[in-house]
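Residue numbers (full-length UniProt numbering), protein chains in the order written: chain A, 1 to 194; chain B, 1 to 194; chain C, 1 to 194; chain D, 1 to 194.
From the three backbone atoms N, C-alpha and C, an ideal C-beta is built for every residue, glycine too.
Each remark here refers to the structure printed beneath this line.
Protein chains: 4
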Amino acid sequence: MKKNKPKYRQIIDAAVVVIAENGYHQAQVSKIAKQASVADGTIYLYFKNKDDILISLFREKMGDFVAKIREAVAGKSTAAEKLLVLVENHFKILSEDPHLAVVTQLEVRQSIKELRLQINAVIKDYLLLIDDVLKEGVRTGEFKGSLNILLARQMIFGTMDETVTTWVMNDQKYDLKSLASEVGDMLLNGFSAR
Amino acid sequence: MKKNKPKYRQIIDAAVVVIAENGYHQAQVSKIAKQASVADGTIYLYFKNKDDILISLFREKMGDFVAKIREAVAGKSTAAEKLLVLVENHFKILSEDPHLAVVTQLEVRQSIKELRLQINAVIKDYLLLIDDVLKEGVRTGEFKGSLNILLARQMIFGTMDETVTTWVMNDQKYDLKSLASEVGDMLLNGFSAR
Amino acid sequence: MKKNKPKYRQIIDAAVVVIAENGYHQAQVSKIAKQASVADGTIYLYFKNKDDILISLFREKMGDFVAKIREAVAGKSTAAEKLLVLVENHFKILSEDPHLAVVTQLEVRQSIKELRLQINAVIKDYLLLIDDVLKEGVRTGEFKGSLNILLARQMIFGTMDETVTTWVMNDQKYDLKSLASEVGDMLLNGFSAR
Amino acid sequence: MKKNKPKYRQIIDAAVVVIAENGYHQAQVSKIAKQASVADGTIYLYFKNKDDILISLFREKMGDFVAKIREAVAGKSTAAEKLLVLVENHFKILSEDPHLAVVTQLEVRQSIKELRLQINAVIKDYLLLIDDVLKEGVRTGEFKGSLNILLARQMIFGTMDETVTTWVMNDQKYDLKSLASEVGDMLLNGFSAR
DNA sequence: AATGAATGAGTCTTCATTCAT
DNA sequence: GATGAATGAAGACTCATTCAT
């Protein structure tokens with residue numbers, strides 16, 4: 001598929017808006033086409049099928065997401081700082097794109113199991129980034145040597161995810177970003193070498 | 001609806017099996033009816049519509065779930081012990097019912113948003129139980145006085161949920177229960193008064 | 001079927017009320033049973049099937065209807081008077097039973113064609129009564145000798161029927177009975193020997 | 001809906017045939033689609049739902065019907081002639097389209113009440129045309145000055161309708177058109193100033 | 001005679017996808 | 001490349017009727 005053509009992103013952006021505003025099951029292909037100002041059939045010149053729109057959407061947006069966080073993390077020297085900056089940016093990016101937040105926290109999860117497996121592959125990259133920070137923390141002695149990396153990562157990701165989902169379910173009506181340091185501290189406590 | 005009639009639970013149990021094995025979107029009413037050995041129409045004597053099956057299923061199973069955990073927690077005297085026993089039982093109950101684990105971790109989340117709002121109301125009870133443990137820990141000085149109860153609860157629930165989901169996504173092929181103490185310790189560290 | 005048992009009429013009367021208030025297609029057997037204070041299955045001890053309820057209802061009510069009109073007509077000596085009294089009573093009887101009026105003018109006609117053929121057989125008796133009056137009028141010279149009995153009857157029945165239907169469609173909000181003499185006069189003019 | 005597309009009328013014509021031959025309640029959408037040589041889904045590109053087919057059918061056919069009668073009436077100078085020509089054409093048009101006659105006289109009336117209300121709005125136009133003829137007759141002195149226009153119209157429409165229905169119920173086996181002058185005369189007599 | 005829980009056949013409608021233009 | 005009219009498969013739900021008690 002021709003990913004660098006402008007219509008490719010045009011359709012993806014339309015999909016984010018339509019899914020966020022109507023929900024996954026009310027996001028018909030024709031609605032996305034209309035929002036993108038293209039004909040229904042045109043969608044199929046850029047995407048294999050409807051699920052492919054969602055996967056591509058997720059891959060594109062998640063790619064940007066991870067790239068931004070990776071960059072932010074790179075600027076910090078300690079694992080603790082990196083973890084904090086990771087949480088901060090996770091919250092910040094989703095705060096700044098309300099449509100995307102709705103799509104990632106609520107709507108994507110309504111897709112069928114097969115679709116979610118593919119989406120998990122996309123998340124993998126993010127999980128590996130978290131793992132890297134954790135491993136670094138163990139290596140430098142910031143985190144306890146006995147730390148179970150997998151469990152710690154699940155704690156980090158699960159906590160952030162649950163926090164963002166709760167915020168979205170409450171219609172994003174409080175400030176998510178300001179929760180970052182507190183969340184980060186609790187997580188760090190859990191891992192600290194003491 | 002007539003909840004004490006045997007057919008009510010018969011249908012719910014059939015739904016758990018069918019949804020776990022086929023996924024929510026492939027769990028046709030006729031398939032559930034067949035599994036329950038009743039006619040399609042009989043379903044509608046006990047449930048308003050298809051969504052009502054899922055909500056009822058979740059309410060019944062979650063009711064049992066919370067009751068079991070509440071009982072286990074009641075037998076412990078410190079907040080820390082209570083939290084550990086909560087995590088242990090959360091993992092234990094889902095470990096022992098693989099079908100239910102699939103339904104709660106994957107399939108229920110595919111339901112439409114409106115449905116999920118109702119399901120959240122059912123979860124509420126569980127979240128309140130977690131809150132109680134946290135409040136007790138703050139009161140007794142086990143947990144730091146500055147603990148943000150909401151965030152802490154999101155950390156506990158998010159961590160357990162992500163841990164179970166990862167386990168389910170990996171086809172339940174490792175022992176979930178044995179992770180409980182490690183997960184519990186990390187969480188406790190995060191909250192401890194030091 | 002056991003027509004002299006009290007439950008037979010009890011069910012018919014319930015059917016009139018339920019059909020008038022809910023419409024033919026919303027008059028489920030279970031609703032009629034409830035209104036009649038009997039079990040669903042009991043209906044089938046007195047009626048062959050659902051259509052049989054409607055046919056029986058119509059036969060019973062139409063029987064009473066024709067009997068009343070026949071009696072009123074019998075008391076008059078000229079064909080003209082008989083026709084007038086027929087129109088008057090047609091309007092009077094339906095005026096006094098609003099539920100029945102709704103059922104005969106609107107709901108019965110929603111039944112399937114086969115059903116309506118049977119209902120027509122029930123009306124036959126009424127049409128024959130009208131024919132008798134017309135024939136008498138021709139015999140006595142009150143009506144023109146060239147009168148086409150069939151057409152004249154269709155004119156009488158069609159006019160009365162349309163008048164009642166219009167009244168029912170207007171929610172029976174004006175006085176139907178007071179239209180009788182005017183309708184009767186117009187019809188008589190059409191038939192008069194001059 | 002796109003009324004000038006050929007498929008619109010193609011579907012309507014198919015519906016007339018299917019409804020006339022099978023009855024309204026046995027006229028499944030799939031049957032109409034097959035008769036029209038289109039896919040089931042295509043129906044919904046031109047009609048909101050099944051009821052909309054019937055309403056549209058009636059509106060189109062009734063529109064043609066009234067237009068033809070209006071034209072015929074326009075060519076006559078006296079109210080009496082107009083009334084005669086109206087009856088003649090009413091019978092003639094339905095005589096020449098046996099399928100349409102079955103649909104208008106029997107099947108349309110089986111539709112639910114809500115549907116019939118909409119259909120009545122379509123008939124309105126025809127009733128107004130009749131009213132106009134009657135008013136003209138009164139103005140010119142052809143009809144008696146005391147004529148109750150509403151009742152007279154009900155007599156005209158009711159008589160014609162009953163006459164056509166009886167003819168349809170008798171499988172259209174006699175000549176309807178030849179009854180027109182006799183029916184017209186009887187009606188005229190009823191209204192005449194003498 | 002009476003009950004009412006259980007049955008299961010039957011249909012409208014949506015919407016992802018195609019393909020002739 | 002782009003269009004959008006046409007396709008047709010698929011499934012939840014209702015309700016008249018039955019029959020074991």
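DSSP state of residue i mapped onto helix, strand, coil
i, result
"C/Phe47", "coil"
"C/Leu187", "helix"
"A/Glu30", "Rather than Glu, the amino acid found at residue 30 of chain A in this sequence is Ser. Helix."
"D/Leu179", "helix"
"C/Ser37", "coil"
"A/Ser77", "coil"
"A/Ser192", "strand"
"D/Tyr174", "coil"
"A/Met1", "Note on A/Met1: pLDDT 42, under 50, position unreliable in the model; no value is reported."
Residue closest to residue i, alpha-carbon to alpha-carbon, out of the options
i, options, result
"A/Tyr24", "A/Thr163, A/Asp51, A/Glu60, A/Ile149", "A/Asp51"
"D/Asp171", "D/Ile55, D/Phe58, D/His99", "D/His99"
"C/Ile149", "C/Ala67, C/Thr163, C/Gly190", "C/Gly190"
"C/Ala101", "C/Lys7, C/Met186, C/Ile19, C/Ser192", "C/Ile19"
"B/Arg59", "B/Asp40, B/Ala74, B/Tyr8, B/Ala33", "B/Tyr8"
"C/Lys61", "C/Ile156, C/Gly41, C/Lys48, C/Asp125", "C/Asp125"
"D/Arg153", "C/Leu147, C/Gln154, C/Leu151, C/Glu162", "C/Glu162"
"B/Ile55", "B/Asp40, B/Lys31, B/Lys92, B/Leu115", "B/Leu115"
"B/Ala180", "B/Tyr44, B/Glu142, B/Lys76, B/Val85", "B/Val85"
"D/His90", "D/Glu142, D/Tyr46, D/Ala33, D/Lys68", "D/Lys68"
"B/Asn120", "A/Gln118, A/Leu106, A/Asp132, A/Ile119", "A/Leu106"
"B/Leu128", "B/Lys144, B/Thr140, B/Ile156, B/Ser146", "B/Ile156"
"C/Ala39", "C/Val17, C/Ile11, C/Gln26, C/Phe65", "C/Ile11"
"C/Glu182", "C/Asp97, C/Val87, C/Gly141", "C/Val87"
"B/Trp167", "B/Ser95, B/Ser37, B/Leu147", "B/Ser95"
"C/Val103", "C/Gly137, C/Leu187, C/Met169", "C/Met169"
"B/Val164", "B/Lys92, B/Pro6, B/Ala80, B/Ile123", "B/Lys92"
"C/Asp97", "C/Thr159, C/Thr78, C/Val17, C/Asp132", "C/Val17"
"D/Leu151", "D/Ser30, D/Thr140, D/Leu134", "D/Leu134"
"D/Leu187", "D/Leu176, D/Lys173, D/Leu147, D/Asp175", "D/Leu147"
"A/Ser192", "A/Ala33, A/Gly158, A/Val138, A/Tyr174", "A/Val138"
Host alpha helix (DSSP H) of residue i (start-end)
i, result
"D/Asp161", "149–169"
"A/Tyr8", "6–22"
DSSP bridge partner residues for residue i (one or two, in chain order)
i, result
"C/Phe143", "C/Ser192"
- Where in the segment 91–122 of chain B do unbroken runs of the alpha helix (DSSP H), each at least 4 residues long, occur, reported from the N-terminal end onward? 98–102
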